[in-house]
Structures are given as C-alpha cells and as structure tokens.
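Chemist:
In our numbering, the protein residues as written are 25 to 127.
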C-alpha cells in the first residue's frame with residue numbers, strides 16, 4: 025500500500041488548493057496540484073494505478089489554511105461522494121432530496 029500525502033494549502037489570494045505527493049517517490053519528484061475535488065479524485069486515481077489502486081490518503085493542512093477553507097474541502101468531498109453513490113445506484117434523487125439529473 026502506498027500513502028499519498030494530501031496537503032491543503034492556500035494561495036496569496038486566499039484560494040485553497042490541494043498538493044499531492046507520493047511518499048514512495050523522491051521528495052518533490054511527484055508533486056501534483058489540484059484546484060478542486062473532481063481534479064483531486066482524478067489525480068488520486070491516476071497516481072494509485074501505479075500501485076494497483078492500493079492507496080491510503082494522509083490529510084494535512086498548512087498553518088495559513090483557515091477552518092472555513094478546510095470545511096469547504098470537506099463539503100466538496102461529501103458532495104462528490106454523494107454524487108458517486110447516486111450514480112452507482114442510478115438513483116433518481118440525491119441524498120439531500122434534489123433530483124439527480126445524471127440518472
């Protein structure tokens with residue numbers, strides 16, 4: 025199993041992003057920047073393919089990241105996971121009751 029470090033960071037404009045690094049690679053060799061959760065999910069999947077999908081994610085954040093930014097990341101992850109679950113079940117409605125237009 026490989027550990028992918030996921031570090032929430034904030035740019036000078038106050039916009040969060042996630043920096044991924046593969047702990048099996050040399051320091052700085054395989055750093056990837058993701059600007060949203062969809063991009064993050066794609067990059068994690070690509071990075072995990074090298075290891076047969078056997079991936080563990082270790083989350084952290086830099087000191088200048090606000091609790092609001094961390095919460096926004098969490099909310100986007102929850103929405104992404106709910107969307108995946110609805111697609112798997114081919115549900116007509118999302119968990120929050122809104123219509124699933126992808127069904």
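Virtual Cβ for every residue (Gly too), placed ideally from N, Cα, C.
From a predicted model like this one, the values you see are computed outputs, not experimental measurements.
1) Tell me which residue opens and which closes the beta strand (DSSP E) that residue 63 is part of.
2) Quick one: what's residue 123 bridged to in DSSP?
3) Provide the residue(s) that pair with residue 41 in DSSP beta bridges, ordered along the chain.
4) For residue 95, tell me which candidate among 28, 61, 26, 25 has the shortest Cα-Cα distance.
5) To the nearest angstrom, how far is it from the Cα of residue 75 to the Cα of residue 25?
6) Among 44, 63, 70, 86, which residue has its Cα nearest to the Cα of residue 36?
7) Since residue 89 contacts residue 32 with CB under 8 Å, what's their CB separation in whole angstroms?
8) Here's the rule: buried if 16 or more other CB atoms are within 10 angstroms of the residue's CB, otherwise exposed. What is residue 71?
9) Given a cut-off of 8 Å on the beta-carbon distance, is the pair residue 81 and residue 101 in contact?
Modeler: To lay it out plainly:
1) Along the chain shown, read from residue 1 onward, the residue named residue 63 stands at position 39. In the DSSP assignment, residue 63 falls outside any beta strand (DSSP E) and within the unbroken alpha helix (DSSP H) covering 61-73.
2) For the purposes of this step, residue 123 is taken as the residue at position 99 of the chain shown. In the DSSP secondary-structure assignment, residue 123 is bridged to 117.
3) The residue you call residue 41 lines up with position 17 of the chain shown. DSSP lists 33 as partners of residue 41.
4) Locating residue 95 in the chain shown gives position 71, counting from the first residue. Closest in C-alpha terms to residue 95, from the list 28, 61, 26, 25, comes 61.
5) As a working note, residue 75 is residue 51 in the chain shown. As a working note, residue 25 is residue 1 in the chain shown. Between the alpha carbons of residue 75 and residue 25 lies a gap of roughly 7 Å.
6) The sequence position of residue 36 within the chain shown is 12, counting from 1. Ranked by Cα distance from residue 36, the first of 44, 63, 70, 86 is 86.
7) For the purposes of this step, residue 89 is taken as the residue at position 65 of the chain shown. For the purposes of this step, residue 32 is taken as the residue at position 8 of the chain shown. Taking a contact as a CB-CB distance under 8 Å, the pair residue 89 and residue 32 counts as one, their CB atoms being some 5 Å apart.
8) Counting from 1 along the chain shown, the entry for residue 71 is found at position 47. Under this definition residue 71 is a buried residue.
9) Taking the chain shown and counting its residues from 1, one reaches residue 81 at position 57. Taking the chain shown and counting its residues from 1, one reaches residue 101 at position 77. No, Cβ-Cβ distance for residue 81 and residue 101 is not below 8 Å.
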